[in-house]
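Asker:
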DNA sequence: ATTATTTTTTAGGTTAGTCTAAATTTAATA
DNA sequence: TATTAAATTTAGACTAACCTAAAAAATAAT
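Protein chains in written order, with the numbering used here: chain A, 1 to 217; chain B, 1001 to 1217.
This is how it looks when you write it as structure tokens:
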């Protein structure tokens, strides 16, 4: 069984590996965990002994099948709790993350299944990210980042990549919530900024912002 | 700020001291925490440095005013979560304790206040124990243990002292839930067992059981 | 009141997770 | 290709929370 800290490392590795598709380097993991490379080396040795990652010295780590299941279980809990906080307790979109980081480590399958039921078996969390089911399966949603959309095209916001609180507040202000339709009404090729339309309102956003918004078409 | 372990020690001390009214000895605390006396000595030194308990070598510990506030804050969280688990997620009475032991350590005042509101500001938890308010005040309920009731007298169950799962299951089976009225229909003085009536049903219980049931008259 | 027993504390050691500083390996550059 | 730079690992040390075994203090018993 994984400790709280091990769970956090594994989750970070899973995310950095983009769902287990690429390997993760020591330094990027250290950065993500706000810790030092030496500490990361210690930890990945432990995780590798527990067979949730595979590790080749100097060449980074990869998530194993077991590790992927474990990571998705933590992610499932995180996203169900976020949904609970927003839907039932009236948290705003940008307040949930920190608390969900703690709640995701509560150990009880019974609890999480009951919570799932209480929430009506939601498919996505308040950020629009898909919630894995009890067996670790995710309903795949083909999605692209907004900056890839051409002028005139539209999509529905499904998620926001970055969980930076300032970005979330900004998006909230311009009405860019998951579920909302976005239309690209103009595009400047030289800096890749764009004008978008949400509801009836038109807003100008830079590529820094648009690349963090995910949409389905 | 207290660590998770420190919070657990403090809570145990608070309970063993019966709300801060008597001092707690090293060995009883070791017993309660399922640990060794030496470990307890280490910990009470730490807690005493943090001013949540006062400690005199060889003569046990006492909860300070600060410590009482801290302990009540943890107890508030525990009891609100237990209420949530039973009322909203449909946990049975005897399933809640273990999970609430984990949930009580989640750090967020915002969360616990919102939860309180969501539950409709309950005054007691599913075991009938009073829930402290945000300032650590408890609405005092004068209560006695059932074994002190004389034949012919009756009371309303408010709480169960022991949280032993087998006891809780047994009480559930005979219908002895908080809120239920109990009448003492017979009493054997030599072993202090008694016959009680819950609803229309009569049951025989030993002193071991009756001393764990708290009632208000 | 001296001895025996129980309780508590001290001393020294372990593991998890972290750190700094030094050593090693890989990658980049001249 | 030899050298420099960057990334990674090792070595050794720290704190929190635990342990066992031995020492010390308080309590009980003769």
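C-beta: ideal position from N, C-alpha, C; glycine also.
The model shown is predicted, which means the values in this text are computed figures rather than measured ones.
Do residue 200(A) and residue 185(A) have their C-beta atoms closer together than 8 Å?
Answerer: Not a contact, by the Cβ cut-off of 8 Å.
Asker: Tell me which residue opens and which closes the alpha helix (DSSP H) that residue 1043(B) is part of.
Answerer: Unbroken alpha helix (DSSP H) run through residue 1043(B): 1037-1049.
Asker: Please classify residue 1100(B): is it buried, with 16 or more other beta-carbons within 10 angstroms of its beta-carbon, or exposed?
Answerer: Buried: at least 16 other Cβ atoms inside 10 Å.
Asker: Please classify residue 1172(B) as buried or exposed, where buried requires at least 16 other C-beta atoms within 10 Å of its C-beta.
Answerer: Burial call: exposed.
Asker: Is residue 1212(B) helix, strand or coil when you go by DSSP?
Answerer: Here residue 1212(B) sits in coil by DSSP.
Asker: Using 8 Å as the limit for Cβ to Cβ distance, is residue 79(A) near chain B?
Answerer: Judged by the 8 Å Cβ criterion, residue 79(A) is not in contact with chain B.
Asker: Work out the CA separation of residue 1128(B) and residue 1047(B) for me, nearest whole Å.
Answerer: In a straight line, the C-alpha of residue 1047(B) is about 30 Å away from that of residue 1128(B).
Asker: Using a Cβ-Cβ cut-off of less than 9 Å, list which residues of the stretch 1104-1117 of chain B approach chain A; keep chain order.
Answerer: Within the stretch 1104-1117 of chain B, the qualifying residues are 1105, 1106, 1107, 1108, 1110, 1111, 1114, 1115 and 1117.
Asker: For residue 206(A), count neighbouring C-beta atoms within 10 Å of its own C-beta (all shown protein chains included) and say buried if the count is 16 or more, exposed if not.
Answerer: Residue 206(A) comes out exposed.
Asker: Using a Cβ-Cβ cutoff of less than 6 Å, which residues in the same chain neighbour residue 159(A) once the five nearest sequence positions on both sides are dropped?
Answerer: Correct list, in chain order: 127, 128, 129 and 214.
Asker: Could you name the residues that DSSP lists as bridge partners for residue 55(A)?
Answerer: Paired residues: 61(A).
Asker: At the level of alpha carbons, what is the spacing between residue 1027(B) and residue 1018(B)?
Answerer: Those two C-alpha atoms are separated by around 16 Å.
Asker: With which residues is residue 24(A) paired in a DSSP beta bridge?
Answerer: For residue 24(A), which the question treats as bridged, DSSP gives the partners 61(A).
Asker: Is residue 11(A) close to chain B, meaning its C-beta is less than 8 Å from at least one C-beta of that chain?
Answerer: No, residue 11(A) does not count as interfacial toward chain B.
Asker: Please check the pair residue 1183(B) and residue 1154(B), which I expect to be a contact at CB under 8 Å, by giving their CB distance rounded to whole angstroms.
Answerer: Sure, about 4 Å apart at Cβ, within 8 Å.
Asker: Do you know how far the Cα of residue 1146(B) is from the Cα of residue 1177(B)?
Answerer: Cα-Cα distance, rounded: 13 Å.
Asker: Is the CB-CB distance between residue 112(A) and residue 61(A) below 8 Å?
Answerer: Their beta carbons are not under 8 Å apart, which means residue 112(A) does not touch residue 61(A) by this criterion.
Asker: Kindly indicate if chain B contains any beta-carbon less than 8 Å away from that of residue 146(A).
Answerer: Chain B, which has no Cβ nearer than 8 Å to the Cβ of residue 146(A), makes this no.
Asker: So what does residue 1156(B) bridge to, in DSSP terms?
Answerer: The partner list for residue 1156(B) (beta bridge, DSSP) reads 1181(B) and 1216(B).
Asker: May I ask which residues mark the beginning and end of the beta strand (DSSP E) holding residue 1203(B)?
Answerer: Residue 1203(B) -> beta strand (DSSP E) spans 1201-1205.
Asker: Cα separation between residue 1006(B) and residue 81(A)?
Answerer: Approximately 26 Å between the Cα atoms of the pair.
Asker: If we cut at 8 Å on Cβ distances, does residue 1102(B) have a partner in chain A?
Answerer: Output row for residue 1102(B): interface = yes.
Asker: Pull up the DSSP beta-bridge partners for residue 194(A), would you.
Answerer: Beta-bridge pairing links residue 194(A) to 187(A) and 205(A).
Asker: Taking all protein chains shown into account, do 16 or more other C-beta atoms lie within 10 angstroms of the C-beta of residue 1038(B), making it buried, or fewer, making it exposed?
Answerer: Answer is exposed; the Cβ neighbour count stays below 16.
Asker: Could you spell out the range, first to last residue, of the alpha helix (DSSP H) harbouring residue 1165(B)?
Answerer: It spans 1165-1173 - the alpha helix (DSSP H) in which residue 1165(B) sits, taken as one unbroken run.
Asker: Which stretch, first to last residue, makes up the alpha helix (DSSP H) that contains residue 1089(B)?
Answerer: Premise fails: residue 1089(B) is in no alpha helix (DSSP H) and is neither H nor E.
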